[in-house]
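Going by my numbering, 39 is the number at position 39 of the sequence shown; the sequence numbering is gapless. We treat Cβ as the ideally placed atom computed from N, Cα and C, and that holds for glycine. Predicted model only: the values in this text are computed from it and were never measured. These notes are about the structure you will find just below.
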Amino acid sequence: MLSGSPPLTGTGTVRIVVQDVNDHSPEFARQSYRTTIAENMPAGTVVLTPIATDKDSGINSKIRFSLLGDKVDRFHIDQDSGVISTAVNLDREESSEYYM
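Shown next as structure tokens:
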């Protein structure tokens with residue numbers, strides 16, 4: 001729930017680039033993901049779980065997730081599951097742009 005009059009919001013974009021060198025490239029379940037992150041959520045709060053699969057077999061089907069770009073220190077991504085969570089308590093006043 002947003003509070004204030006008018007409520008303040010911010011937006012940002014995280015672009016995910018998939019690199020793959022074997023037969024089949026990983027595919028995400030959705031072309032894009034959107035999430036809302038409330039201000040002052042404690043560190044460790046899950047904010048998004050992207051889902052990807054790879055049609056290769058064995059070790060070649062293993063997907064590793066990572067975050068790139070600026071502001072990535074504010075978030076953590078589990079390299080195996082892709083679960084994205086806050087790494088810090090987010091505060092909108094700390095930055096002129098919102099986080100994700």
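Exercise. Give the DSSP-derived three-state secondary structure of SER85 in the structure shown.
Key: Against the sequence shown, residue 85 aligns to sequence position 85. DSSP places SER85 in strand when its eight states are reduced to three.
Exercise. Look at ASP73 and GLU39 and say whether their C-beta atoms are less than 8 Å apart.
Key: Against the sequence shown, residue 73 aligns to sequence position 73. Against the sequence shown, residue 39 aligns to sequence position 39. Taking 8 Å as the Cβ cut-off, ASP73 and GLU39 do not qualify as a contacting pair.
Exercise. Report the option in VAL88, ASP70, ILE37, GLN79 whose CA atom is closest to the CA atom of ALA52.
Key: Within the sequence shown, residue 52 is the residue found at index 52, counting from 1. With distances taken between Cα atoms, ALA52 lies closest to GLN79.
Self-check item: Span of the beta strand (DSSP E), counted from its first residue to its last, around SER77
Solution: For the purposes of this step, residue 77 is taken as residue 77 along the sequence shown, with counting starting at 1. The sequence given here places Ile at residue 77; Ser does not occur at that position. Secondary structure note for ILE77: its beta strand (DSSP E) is the uninterrupted segment 75-77.
Self-check item: Rounded separation between ARG30 and ASN89 - CA only
Solution: Within the sequence shown, numbered from 1, the residue matching residue 30 stands at position 30. Within the sequence shown, numbered from 1, the residue matching residue 89 stands at position 89. ARG30 and ASN89 have their C-alpha atoms spaced approximately 28 Å apart.
Self-check item: THR35, buried or exposed, once every other Cβ within 10 Å from all chains shown has been counted against 16
Solution: For the purposes of this step, residue 35 is taken as residue 35 along the sequence shown, with counting starting at 1. Flag for THR35 reads exposed.
Self-check item: When ASP70, ILE63, LYS71, HIS76 are compared against GLU27, the one with the closest alpha-carbon
Solution: Locating residue 27 in the sequence shown gives position 27, where the first residue counts as 1. Taking only the C-alpha atoms, the option nearest GLU27 is ILE63.
Practice problem: Could you name the residues of the same chain whose beta carbon sits closer than 6 Å to that of PHE55, not counting the 5 residues immediately before and after it, in chain order? | Solution: Taking the first residue of the sequence shown as position 1, residue 55 is located at position 55. In the sequence under discussion, the amino acid at residue 55 is Lys, which differs from the Phe named in the question. Same-chain partners within the cutoff: HIS24.
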